[in-house]
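The UniProt record's numbering applies: residue 1 is where the sequence shown begins, and numbers increase by one. C-beta atoms are modelled at their ideal positions from N, C-alpha and C, and glycine is treated no differently. Since this is a predicted model, take the numbers as computed values, not measurements. Heads up: the structure comes next, in structure tokens.
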Amino acid sequence: MAHLLGTNLALWFWTLCSEEVDESVACKSYPVPLGNTEKYFSPLFVEYLLIAASLFYQIWQDLLPTQAVAAPHCRTCACQVIAENDDAENVDADQRRDEGRGADRIRRGMSRNLGLGIVMGCCFGVVFIILVIASTYSGKTHRIYHIAYPGGIITLYLIQIVACYIILLSAQSLAWDAQRTSLDHDDALLYISLVGSLLWEGFHLYSLALIEIDPKIEPESLPNVRHIDIAADALAMLQYVFQTTILINLRRHQPTQGRRTPWISQCLLFLLTTNIGLWIENSFFVEIIITTPGEKYTSIQKNLKPIGYILHPLNIFFRFHFAVCCLIAWSIFRT
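Dropping the structure here:
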């Protein structure tokens with residue numbers, strides 16, 4: 001497992017840091033005419049390597065030998081084990097009866113919980129993807145599309161922060177899970193990808209702030225659009241931190257049958273669908289150079305391109321892995 005972990009991490013870094021092939025030297029005839037589809041498969045391959053490495057790490061940790069502690073009272077061990085087995089059988093029988101009665105109730109709860117959150121998330125996701133496509137292909141010629149995109153992303157970030165705040169308030173009535181105090185591989189991946197996302201947005205915000213201070217750096221940039229982009233990047237960094245801390249805090253609680261649990265389920269479904277939309281944007285519409293769809297490259301961003309080869313995949317992975325963690329949390333709190 002340690003060997004598989006190391007090889008997957010090595011492949012991950014090799015994929016990120018591999019040098020670009022000169023277009024004049026690259027082969028123009030492929031057995032299968034893939035065209036320009038490499039950018040659609042590369043993010044999936046990078047995410048697979050990172051997830052596989054984390055799973056190998058978790059399995060390797062589970063396979064580590066544990067030292068059993070001998071019981072001090074040997075004469076009472078047998079009686080104690082027999083008594084515990086009898087109690088366990090009685091508890092199992094009660095649990096089976098309760099599970100049989102609660103199966104229909106759980107199925108009814110699932111149908112109710114798949115309502116508002118999915119509908120709102122899909123509506124926002126579809127509108128957002130339309131803005132991304134319009135800004136990507138028409139933002140350079142029609143300024144209104146590039147202005148509409150930051151407005152849409154700011155609105156989406158604000159609603160996501162509101163959903164996280166609802167989860168935070170609802171989680172206050174839940175019981176604390178004493179067994180979930182340490183970080184598992186899902187939490188570690190969230191923190192690692194969070195750092196990459198913050199650096200990604202931070203470098204972009206840094207380049208725009210320098211242009212704002214000294215417009216001579218990029219005289220062709222649009223001042224009105226630049227102000228909106230700065231606000232969107234600052235709000236994105238706040239949304240990254242707030243979203244991650246709220247989800248990890250929620251994973252430390254146990255589900256209870258309360259009136260506030262459905263609110264948690266709906267907000268998790270909303271965050272799930274909207275983060276899938278953001279993952280589609282980061283994977284297929286944002287390139288290695290730190291930029292937003294339809295934005296003109298700046299000289300500062302071109303200088304930061306080597307760093308972008310590391311940070312851009314982490315930013316993509318954050319959205320994907322956060323959506324997966326939302327799905328796991330929803331499966332726990334859906335009842």
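According to DSSP, is residue i part of a helix, a strand, or is it coil?
i: Q254; result: strand
i: Q80; result: For Q80, the predicted structure reports a pLDDT of 47, less than 50, and the residue's modelled location is therefore unreliable. The matter cannot be settled from this model.
i: A71; result: Summary for A71: the model assigns pLDDT 45, below 50, so the residue's position carries little reliability; its value from the coordinates is reported in the next sentence. Looking at A71 - three-state DSSP - the assignment turns out to be coil, as it is neither helix nor strand.
i: D104; result: With a pLDDT of only 48 at D104, under 50, the local geometry of the prediction cannot be trusted, and no value is derived from it.
Quick check: residue i and residue j, are their CB atoms within less than 9 Å of each other?
i: W330; j: L278; result: no
i: H321; j: L183; result: no
i: L194; j: T244; result: yes
i: C326; j: L247; result: yes
i: E47; j: I316; result: yes
i: L198; j: Q254; result: no
i: G152; j: V127; result: yes
i: L271; j: A323; result: yes
i: L314; j: I192; result: yes
i: Y309; j: H185; result: no
i: R226; j: L208; result: yes
Taking the C-alpha atoms as reference points, what is the distance between residue i and residue j?
i: A231; j: F318; result: 21 Å
i: R334; j: W176; result: 17 Å
i: F242; j: Y149; result: 22 Å
i: T233; j: F203; result: Per the sequence shown, the amino acid found at residue 233 is Asp instead of Thr. Rounded to whole angstroms, D233 to F203 spans 10 Å at the Cα level.
i: A188; j: I51; result: 11 Å
i: Y240; j: K305; result: 22 Å
i: A171; j: L250; result: 7 Å
i: C122; j: L168; result: 23 Å
i: R107; j: I332; result: Confidence is the limiting factor: at R107 the pLDDT is only 47, short of 50, which leaves the residue's position unreliable and the question unanswerable from this model.
i: I280; j: Q179; result: 35 Å
i: L158; j: I211; result: 26 Å
i: I276; j: D229; result: 22 Å
i: I307; j: C164; result: 30 Å
i: residue 347; j: L49; result: Examination of residue 347 is not possible in this model, given that the chain is present from 1 through 335 alone.
i: N303; j: W200; result: 14 Å
i: I166; j: T155; result: 17 Å
i: F284; j: I213; result: 32 Å
i: P262; j: I161; result: 18 Å
i: A62; j: I147; result: Checking the sequence shown, residue 62 turns out to be Asp, not Ala. C-alpha separation (whole angstroms): 50 Å.
i: residue 355; j: N282; result: Because the chain spans 1 through 335 in this model, residue 355 falls outside it and cannot be assessed.
i: V286; j: Q266; result: 29 Å
i: residue 349; j: G196; result: As shown, the chain starts at 1 and ends at 335. That puts residue 349 outside it, with no answer to give.
i: W60; j: R252; result: 23 Å
Hey, quick one: how far does the alpha helix (DSSP H) through residue i stretch, first residue to last?
i: R334; result: R334 -> no alpha helix (DSSP H), and no H or E assigned at all.
i: F285; result: It is not in any alpha helix (DSSP H) - F285 carries neither H nor E in the DSSP assignment.
i: L190; result: 185-213
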